[in-house]
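Visitor:
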Amino acid sequence: EELAGKDVFETAKIIKSLTHEKAEIASIGPAGENLNKIAAIMIGEGEIRAAGRCGIGAVMGSKNLKAIAVKGKLTPQIKDRAKLKELLKEFIPVLQKGARGLYDFGTAGGVQTIEANGDLPIKNWTLGSWAEGAAKTCGQYMEDQGITVSHHACYSCPIRCGKDAKVEIGPYKGTVNHGPEYETCAAFGANILNDDIRYLVAANDLCNRFGLDTIDAGNAVAMAMECYEKGLITKEDTEGLELTWGNGQAVLELLRKMTYREGIGEIFADGVANAAKRIGGMAEEYAMHVKGLSVAFHDPRAFTSMAANYATANRGACHLEALSYFVESGVFPGELIGFNKTIEKRSDEHKAELAVKMQDYMNIFNALGLCKFLLRGKTSPRIIAQWIEAVTGWEITGEELMFIGERLHNLKRMYNVRLGISRKDDKLPPRLISHDRKTGSAAGILPHMGKLLNEYYSIRGWNEEGIPTEERLQKLGLM
């Protein structure tokens, strides 16, 4: 009862007072307690990280589980500590050089570059350019305005991409929190046409406290604004809340209403797919999701390997299942992946192959608990295999790791097949395959989904309906 209804930060403080001041806390906020299907599990206090996607905060809430506290005291056992130190001595300088921008400005430092690449979603994915707005909603601008006050890192990380933010002027004065990441800047900045950086810090703070995934919440807010603009929901429906583009105060109130399932917030509390069903009519056109998961804020019209990834990713439109846009923008993961030069942006050639290889590779990162930003250090499967051998003594090759990654992807696909998933579900929102961006560097580009899926299924060894064949499953040792 003492924790019921408390926000994430309040919860962490209470738990630490009951356990240990250095305990690590994973908790849910009111969104998770209210079983919102866009609720996240939040890790930390202030310097926060999120297990954000797929509504797993609601899973904790459904079990009346408010928080988990851990206080470790043992040192990890390393098979060959000297060898590991030798490997890391060679690797870390390469990583720090490649990830310098992340140290300086965090992930929000990429907003302007991403906008220049035509990769930044704007006004619920309808516009092509927003250069002036991007310049005011990025990590560099936060630094210039004195909003970024310090850096922080996940345990033992040499990149230190986390930023602490403090707002000292204006209506959001006094907001102190983990600074907004790129996805959050895109969600509540470009995608709803608001370039007030201090409001972005406040929106991020609210989502962290409530325990909301900012990707899902941001897409829901943008959808609500478009529905309001098009007359699908009215001022009467919103009880006077004016959901006009760029209205930051309305965003903050809508987030609160979504968290507590109040009024119009009840409609959007479970994400855009569910909201579309409730509203009906043209609402589905404004709901940006794949298999129920809101599209992460990287546009597959800019990097079409992401079209193949979003459509086939096992949990829906998740950028982290492949990160193939890294490769398309010039970050090369080394041997075995096979892409060591920039791919032609306006062509679909090799994009399905890239999606397949990067999905398999990212399965390895996920299984080992590795941060995706290690790609900035030109991390190859061979390098990871060397780390595994040094830590565990297991002899394994980069090729064997990629085989494991392929097994993992197919195993998850077979689980989805059991639930009825097939080609009919491997699709993007209509807007992303029928409405091209009219301006910017991705203008005129649309992914050719039929071609991409056919190539993807062929490479995977799946049939034309997207179901793994018996021959491929036998080769993978899965039957």
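In this text, residue positions in the sequence shown follow my numbering: the first is 887, and each later residue adds one. Cβ coordinates follow ideal geometry from the N, Cα and C atoms, glycine included.
Helix, strand or coil for Ile1345? Go by DSSP, reduced to three states.
Guide: Reduced to three states, the DSSP call for Ile1345 is helix.
Visitor: Is it buried or exposed, Pro1267, if we count other Cβ atoms within 10 angstroms and call 16 or more buried?
Guide: Pro1267 should be labelled buried.
Visitor: List the endpoints of the continuous alpha helix (DSSP H) containing His1295.
Guide: That run of the alpha helix (DSSP H) goes Gly1284 to Arg1304.
Visitor: If contacts are defined as beta-carbon pairs under 8 Å, then Arg1293 and Leu1206 qualify, I think. What distance do you get, rounded to the angstrom?
Guide: Not a contact, Cβ separation roughly 19 Å.
Visitor: What is the C-beta distance between Ile914 and Lys952, in whole angstroms, given that I count them as a contact (C-beta under 8 Å)?
Guide: At roughly 6 Å, the Cβ-Cβ gap stays under 8 Å, so Ile914 and Lys952 are in contact.
Visitor: State the Cα-Cα distance for the pair Glu1281 and Lys965, rounded to the nearest angstrom.
Guide: Each residue's alpha carbon lies about 12 Å from the other.
Visitor: Quick check on the DSSP output: the alpha helix (DSSP H) that includes Arg1164 runs from which residue to which?
Guide: Start and end: Val1158 to Ile1165.
Visitor: State buried or exposed for Arg1346, treating a residue as buried only when at least 16 other CB atoms are found within 10 Å of its CB.
Guide: Under this definition Arg1346 is a buried residue.
Visitor: What is the rounded straight-line gap between the Cα of Ile874 and the Cα of Gly1132?
Guide: Outside the shown range of the chain, which is 887 to 1365, sits residue 874, and nothing can be said about it.
Visitor: Does DSSP classify Ser1180 as helix, strand or coil?
Guide: Correct three-state label for Ser1180: strand.
Visitor: Flag Ile1033 as yes if its beta-carbon sits less than 7 Å from any beta-carbon of chain C, otherwise no.
Guide: Absent from the structure: chain C. Only one protein chain is present.
Visitor: Leu1338: which of Leu1261, Leu1359, Pro1186 and Ile1250 sits nearest, CA to CA?
Guide: Checking every option, the nearest Cα to that of Leu1338 belongs to Pro1186.
Visitor: For His1236, which of helix, strand or coil comes out of DSSP?
Guide: Looking at His1236 - three-state DSSP - the assignment turns out to be coil, as it is neither helix nor strand.
Visitor: So, helix, strand or coil for Arg935, using DSSP?
Guide: DSSP places Arg935 in strand when its eight states are reduced to three.
Visitor: Taking the CB atoms as reference points, tell me whether Gly1019 and Asp1082 lie closer together than 7 Å.
Guide: Contact flag unset, no.
Visitor: On the DSSP bridge list, what partners appear for Met928?
Guide: Looking at the DSSP assignment, Met928 forms a beta bridge with Ser913 and Ala936.
Visitor: In chain order, what residues of the same chain have a beta carbon less than 7 Å from the beta carbon of Ser1308, not counting five sequence neighbours either side?
Guide: So the qualifying residues of the chain are Glu1351, Gly1352 and Ile1353.
Visitor: Does the beta-carbon distance from Lys1237 to Ala1194 come in below 7 Å?
Guide: In contact: Lys1237 and Ala1194 (Cβ atoms closer than 7 Å).
Visitor: Would you be able to state if there are at least three C-beta pairs under 8 Å between the region 1190-1204 and the region 1116-1131?
Guide: No, the region 1116-1131 does not touch the region 1190-1204.
Visitor: With a CB to CB cut of under 7 Å and the five nearest residues on each side skipped, what residues in its chain are close to Ile1319?
Guide: Hits under 7 Å: Leu1332, Pro1333 and Met1335.
Visitor: Taking DSSP as the reference, what is the three-state secondary structure of Thr1070?
Guide: Thr1070: helix per DSSP, three-state reduction.
Visitor: Roughly how many angstroms separate the alpha carbons of Met946 and Gly918, rounded to a whole number?
Guide: For Met946 and Gly918, the distance between alpha carbons rounds to 7 Å.
Visitor: Quick one: grab the DSSP three-state call for Thr1145.
Guide: Helix, per DSSP.
Visitor: Starting from the Cα of Ala1076, find the closest Cα among Asp1030, Ala1106, Val894 and Leu1013 and give me that residue.
Guide: The candidate whose alpha carbon is nearest that of Ala1076 is Leu1013.
Visitor: Give me the residue from Glu907, Val1087 and Ile927 with the minimum Cα distance to Asp837.
Guide: No answer is possible for residue 837: the residues shown for the chain start at 887 and end at 1365.
Visitor: Compare the C-alpha of Tyr1343 against each of Asn1252, Glu1239, Leu1261 and Asp1030 and name the closest.
Guide: Considering only alpha carbons, the answer is Glu1239.
Visitor: What span of residues does the alpha helix (DSSP H) with Gly1025 cover, start to end?
Guide: Start and end: Gly1025 to Asp1030.
Visitor: Rank Tyr1058, Gly1060, Cys1093 and Gly1263 by C-alpha distance to the C-alpha of Glu1067 and give the top, closest one.
Guide: When only C-alpha atoms are compared, the closest one is Cys1093.
Visitor: Within 8 Å, do at least three Cβ pairs link the region 1035-1054 to the region 966-984?
Guide: Taking 8 Å as the limit for Cβ pairs, the verdict is that the region 1035-1054 does touch the region 966-984.
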